[in-house]
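Asks:
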Amino acid sequence: MRRSRAERPVAHDPLAPALEARDLSVSYGGRVALRDVTFALEAGRRLAVVGPNGAGKSTLLRVAAGLLSAASGTLLVHGHAPREHVCVAYVPQRSDVDWRFPLCVADVVLMGRTGRLGPLRRPGRADRQLARAAMERVGLDSLAARQIGELSGGEQQKMFIARALAQEAEIVLLDEPLAGLDVPATTDVLALLGTLERATLVVALHDLAVAAASFDLVLLVRQRMIRFGRPADAFEPDALEEAYGSSVPMARTADGRLVVPDDDCVKEDR
Amino acid sequence: MTALGGLLAPLRHAFMVRALIASVLVGGLCSVVGAFVVLRSMAFLGDAIAHSVLPGIATGMLVAGRGDRRSLFWWALGTSILVALGIGWVSRRGRIREQTAIGIVFAGTFALGIALLSRVRGFAIDLVHVLFGNVLGVSSGDLILIAAFGAGVLLLVALFYKELLVVSFDRTHAATLRLPVSVYESLTLILVAVTVVVSLQVVGLALTLALLVAPPTTALLFVRRVPRVMGVGAAIGAASGIAGLYLSYYLDVASGAAIVLVAIAFFLLALLATSYRKTARRRSRA
Chain P
1 MRRSRAERPV
11 AHDPLAPALE
21 ARDLSVSYGG
31 RVALRDVTFA
41 LEAGRRLAVV
51 GPNGAGKSTL
61 LRVAAGLLSA
71 ASGTLLVHGH
81 APREHVCVAY
91 VPQRSDVDWR
101 FPLCVADVVL
111 MGRTGRLGPL
121 RRPGRADRQL
131 ARAAMERVGL
141 DSLAARQIGE
151 LSGGEQQKMF
161 IARALAQEAE
171 IVLLDEPLAG
181 LDVPATTDVL
191 ALLGTLERAT
201 LVVALHDLAV
211 AAASFDLVLL
221 VRQRMIRFGR
231 PADAFEPDAL
241 EEAYGSSVPM
251 ARTADGRLVV
261 PDDDCVKEDR
Chain C
271 MTALGGLLAP
281 LRHAFMVRAL
291 IASVLVGGLC
301 SVVGAFVVLR
311 SMAFLGDAIA
321 HSVLPGIATG
331 MLVAGRGDRR
341 SLFWWALGTS
351 ILVALGIGWV
361 SRRGRIREQT
371 AIGIVFAGTF
381 ALGIALLSRV
391 RGFAIDLVHV
401 LFGNVLGVSS
411 GDLILIAAFG
421 AGVLLLVALF
431 YKELLVVSFD
441 RTHAATLRLP
451 VSVYESLTLI
461 LVAVTVVVSL
471 QVVGLALTLA
481 LLVAPPTTAL
491 LFVRRVPRVM
501 GVGAAIGAAS
511 GIAGLYLSYY
521 LDVASGAAIV
531 LVAIAFFLLA
541 LLATSYRKTA
551 RRRSRA
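Which chain is which? The protein sequence lines are P and C, in order. If you use this note's numbering, the first sequence corresponds to residues 1 to 270, in order. If you use this note's numbering, the second sequence corresponds to residues 271 to 556, in order.
1) Just the chain C side, please: which residues come within less than 8 Å of P:P92 by C-beta, in chain order?
2) Just to confirm my understanding: we take P:M135, look at its own chain, exclude 5 residues before and 5 after, and list those with CB closer than 6 Å. What are they?
3) Residues of chain P with a CB under 8 Å from the CB of C:L380: which are they?
4) In chain order, what residues of the same chain lie with their CB nearer than 6 Å to the CB of P:G56, ignoring the 5 residues before and after it?
5) Classify P:R116 as helix, strand or coil using the three-state DSSP reduction.
6) Measuring only between beta-carbons, confirm whether C:K548 sits less than 8 Å from chain P.
7) Rounded to whole angstroms, what is the Cα-Cα separation between C:G526 and C:G503?
8) Could you check if P:K158 is buried or exposed, using at least 16 other CB atoms within 10 Å of its CB as the buried criterion?
9) Output needed for C:L295: all residues of its chain with C-beta closer than 7 Å, excluding positions within five of it in sequence on either side, in chain order.
10) Could you tell me the alpha carbon to alpha carbon distance between C:H399 and C:A284, rounded to whole angstroms?
11) In terms of residues, what are the limits of the alpha helix (DSSP H) holding P:V91?
12) Would P:G66 be called buried (16 or more neighbouring beta carbons within 10 Å of its own) or exposed?
13) Kindly say whether P:Q147, judged by its beta-carbon, lies nearer than 8 Å to any beta-carbon of chain C.
14) Mark C:L539 as exposed unless 16 or more other C-beta atoms lie within 10 angstroms of its C-beta, in which case mark it buried.
15) Does the CB of P:L201 have a neighbour CB from chain C at under 8 Å?
16) Find out if the Cβ-Cβ distance for the pair C:V303, C:V423 is shorter than 8 Å.
17) Would you say C:L447 reaches chain P, if we count a Cβ-Cβ gap shorter than 8 Å as a contact?
18) Would you call P:E42 buried or exposed, if buried means 16 or more other Cβ atoms sit within 10 Å of its Cβ?
19) Does C:F430 get closer than 8 Å to chain P when you measure Cβ to Cβ?
20) Let's test the definition: count the other Cβ atoms within 10 Å of the Cβ of P:R227 and tell me whether it reaches 16, buried, or not, exposed.
21) Report yes or no: do the segment 323-333 of chain C and the segment 507-514 of chain C share at least 3 C-beta pairs separated by less than 8 Å?
22) Could you tell me the boundaries of the beta strand (DSSP E) in which P:R46 lies?
23) Identify each residue in the segment 96-117 of chain P for which the Cβ-Cβ distance to at least one residue of chain C is less than 9 Å, and report them in chain order.
24) Should C:F492 be labelled buried (16 or more other beta-carbon atoms within 10 Å of its own) or exposed?
25) If contact is defined by three or more beta carbon pairs under 8 Å, each pair taking one atom from either stretch, is the segment 16-25 of chain P in contact with the segment 181-195 of chain P?
26) In whole angstroms, give me the CA-to-CA distance for P:E168 and C:T465.
27) Looking at chain P, is there any beta carbon in it that lies within less than 8 Å of the beta carbon of C:V464?
28) Output yes if chain P places a C-beta closer than 8 Å to the C-beta of C:F502; else output no.
29) Closer than 8 Å by beta-carbon distance: list the chain C residues that pair up with P:A65, in chain order.
30) Check the Cβ of C:V405 against every Cβ in chain P and list those closer than 7 Å, keeping chain order.
31) P:S25 to P:L240, Cα distance in whole Å?
32) Return the residue from the list C:G378, C:A334, C:F537 and C:V408 that minimises the CA-CA distance to C:P485.
33) Does chain C have any CB closer than 8 Å to the CB of P:L75?
34) Just to confirm, is the Cβ distance from C:F402 to C:H321 under 8 Å?
35) From this set, P:A166, P:G115, P:E155 and P:L196, which residue's C-alpha is nearest P:G44's C-alpha?
36) Indicate the three-state DSSP secondary structure (helix, strand or coil) for P:L140 in the structure shown.
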């Protein structure tokens, strides 16, 4: 079992990017799920990974989390293999969670401390304080004793972000955090993500408009990397057609805006 | 006979006192370990581990003889742990659906057990005791084994509680915390296996599942935190053990079945009470 001792997390290489992929290819269930991915992400930047369903967005997140291995090429977190870090937090899709589990919000947030504590040690006062601070930061402190099954979608997402903060994560990977959220909750969660200045964010999204409006960088994928760059540069008609196919109707308006009426999202392009 | 007299009368028999102690210990233990079985929705897996004990016991009988109960215990323990690890390994491979893999191991080991047991003379009586328990035959030595292994299981649950909980709730998160997930998953299965073997004399392998699943599920209707589910579940399990034994004493029915029926009755009553409370609340709101 590969495992870094929680007491001695691997030292970050100060010269290496927070996340760096080189010719990364990943197989999943016997077929290539993602190939030819090369990009570098500096610490503190926010990256949206976008593409159609089954494009390999979750796969990329799972490799960065150290849950899947690369078939070829490399993906490094602060210069080291993802499995050597405890500073990478993975926020699952809400649909992957058993919400009937008898836990309250504080229980789940405190779970973020487990890796740092190591076996046989119980969370102490410092751990509880970190958990409480994390809940305050995401605005859930008043719901600490609330049963997880009684939370709204937005609150569920915030709870997992608080768990990542309690984990003292420096890289936070979020898999479709906005799926199934209504407009106020989406705005809320995006605003919260905006306040996590020190963390490097990698977010799988299917909404191009949100990606363009709220993220520094985007990675467009469809089983392979299509574009990496600032949203304005990456979301070109050719690239979008490559990702979504020619069946996606696109139209250029008089003022140069590119309209993509897919998943009711509209994005801008020069 | 007064009510108190009715409660005290069975205690004149030493075997009843031993049976009561064994039932309380097993009822409590099953509920604590059963909380993980319920929360991880692995009831079928638990049942498969329980039935896989049979070939171990049968081999023990063939090798050491029917009367050597101590060595039967070790045979059962060894087999159940082996099968628990085997099922865990097969289900991690991912080539066969987990439920299918469990079904094949379940049926295969059980058939092997019956086949081996059919070579032992007096096979029918042994089979009944193994399947449905023989709590009235618990000896002081058995009690010590039950207490020792029960305490061992509870100690492991206490020591690794936070890891077992994280792995049960969100194994992906556990993996990013760099916990050895498969080690803790195997530990959970081993705890279930040891609990099944410890419970063998009280309820038998065919009915252990009920004691693993019913009390924690009943507790879940009332309390919504894991430690409380374990605590309330253990109380319900122990109470089922006591009430079941008295029922079996006065109604002259099989003790293992009586204990399980009481545990199920607690569950049905709790279900009725909570759904009544819910409708009443809904009505008062309307």
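Yeah, the Cβ is synthetic: ideal placement off N, Cα and C, and Gly gets one too. In this text the structure is predicted, and so the values were computed from the model without any measurement.
Replies: Well, looking at it:
1) Residue mapping note: residue 92 of chain P aligns to position 92 of the first sequence, counting from 1. Counting only Cβ-Cβ distances below 8 Å, P:P92 has contacts in chain C at D440, T442 and H443, in chain order.
2) Here residue 135 of chain P is taken as the residue at index 135 of the first sequence, counted from 1. So the list reads V109, D141, A144 and A162, once near-sequence residues are dropped.
3) As a working note, residue 380 of chain C is residue 110 in the second sequence. The amino acid occupying residue 380 of chain C in the given sequence is Phe; Leu does not appear at that position. Near C:F380 there are no residues of chain P at all, since even the closest Cβ is about 30 Å away, more than 8 Å.
4) Taking the first sequence and counting its residues from 1, one reaches residue 56 of chain P at position 56. These residues qualify, in order along the chain: A33, L34, V221 and Q223.
5) Mapped onto the first sequence, residue 116 of chain P falls at position 116. Helix at P:R116.
6) Indexing the second sequence from 1 puts residue 548 of chain C at position 278. No, its Cβ sits nowhere closer than 8 Å to a Cβ of chain P.
7) Against the second sequence, residue 526 of chain C aligns to sequence position 256. Against the second sequence, residue 503 of chain C aligns to sequence position 233. Going by the C-alpha atoms only, they are around 18 Å apart.
8) Position 158 of the first sequence, counting from 1, holds the residue named residue 158 of chain P. Classification for P:K158: buried.
9) Here residue 295 of chain C corresponds to residue number 25 of the second sequence, with the count starting at 1. Taken in chain order, the residues that qualify are I416, A417 and G420.
10) As a first step, residue 399 of chain C is located in the second sequence; it is residue number 129 there, counting from the start. As a first step, residue 284 of chain C is located in the second sequence; it is residue number 14 there, counting from the start. Roughly 20 Å between the two C-alpha positions.
11) Here residue 91 of chain P refers to the residue found at position 91 when the first sequence is read from its first residue. Premise fails: P:V91 lies in the beta strand (DSSP E), V88 to V91, not in any alpha helix (DSSP H).
12) Numbered from its first residue, the first sequence carries residue 66 of chain P at position 66. Result: buried.
13) Against the first sequence, residue 147 of chain P aligns to sequence position 147. Chain C has a Cβ within less than 8 Å of the Cβ of P:Q147.
14) On the second sequence, position 269 is the one that residue 539 of chain C refers to. Flag for C:L539 reads exposed.
15) Here residue 201 of chain P corresponds to residue number 201 of the first sequence, with the count starting at 1. Answer no: the Cβ-Cβ gap between P:L201 and chain C never drops below 8 Å.
16) For the purposes of this step, residue 303 of chain C is identified with residue 33 of the second sequence, where counting begins at 1. For the purposes of this step, residue 423 of chain C is identified with residue 153 of the second sequence, where counting begins at 1. Against a cut-off of 8 Å, the Cβ pair of C:V423 and C:V303 comes out as a contact.
17) As a first step, residue 447 of chain C is located in the second sequence; it is residue number 177 there, counting from the start. So yes, C:L447 belongs to the interface.
18) Position 42 of the first sequence holds residue 42 of chain P. With fewer than 16 other Cβ atoms from the protein chains shown falling within 10 Å of its own Cβ, P:E42 counts as exposed.
19) For this step, residue 430 of chain C is matched to residue 160 along the second sequence. Cβ-Cβ to chain P under 8 Å: yes for C:F430.
20) On the first sequence, position 227 is the one that residue 227 of chain P refers to. So P:R227 ends up on the buried side.
21) no
22) Counting from one through the first sequence, the residue named residue 46 of chain P turns up at place 46. From DSSP, the beta strand (DSSP E) with P:R46 extends over R46 to V50.
23) Legend: CB atoms of the segment 96-117 of chain P lying less than 9 Å from CB atoms of chain C belong to residues D96, V97, D98, R100, F101, P102, L103, C104, D107, V108, L110, M111, G112, R113, T114, G115, R116 and L117.
24) Indexing the second sequence from 1 puts residue 492 of chain C at position 222. Classification for C:F492: exposed.
25) Contact between the segment 181-195 of chain P and the segment 16-25 of chain P is absent: fewer than 3 CB-CB pairs across the two stretches fall below 8 Å.
26) Locating residue 168 of chain P in the first sequence gives position 168, where the first residue counts as 1. Locating residue 465 of chain C in the second sequence gives position 195, where the first residue counts as 1. Distance between the alpha carbons of P:E168 and C:T465 is about 37 Å.
27) Working through the second sequence from its first residue, we reach residue 464 of chain C at position 194. It does not; no Cβ of chain P falls within 8 Å.
28) Position 232 of the second sequence, counted from the start, is the residue given in the question as residue 502 of chain C. With the sequence shown as reference, residue 502 of chain C is identified as Val, and Phe is not the correct amino acid for it. No - not a single Cβ of chain P is within 8 Å of the one on C:V502.
29) Residue mapping note: residue 65 of chain P aligns to position 65 of the first sequence, counting from 1. Going along chain C in sequence order, the residues near P:A65 (Cβ under 8 Å) are T442, A445 and T446.
30) Within the second sequence, the letter at position 135 stands for residue 405 of chain C. None at all; the shortest Cβ gap to chain P is about 31 Å.
31) Position 25 of the first sequence, counting from 1, holds the residue named residue 25 of chain P. Position 240 of the first sequence, counting from 1, holds the residue named residue 240 of chain P. Using only the alpha carbons, I get a separation of about 21 Å.
32) Here residue 485 of chain C is taken as the residue at index 215 of the second sequence, counted from 1. Nearest of C:G378, C:A334, C:F537 and C:V408 to C:P485, Cα basis: C:F537.
33) Translated into the one-based positions of the first sequence, residue 75 of chain P becomes position 75. Not one chain C Cβ lies under 8 Å of P:L75.
34) Position 132 of the second sequence, counting from 1, holds the residue named residue 402 of chain C. Position 51 of the second sequence, counting from 1, holds the residue named residue 321 of chain C. Against a cut-off of 8 Å, the Cβ pair of C:H321 and C:F402 comes out as no contact.
35) In the first sequence, counting from the first residue as 1, residue 44 of chain P sits at position 44. Cα-wise, what sits closest to P:G44 is P:L196.
36) As a position in the first sequence, residue 140 of chain P is number 140, starting the count at 1. Three-state DSSP puts P:L140 in coil, outside helix and strand.
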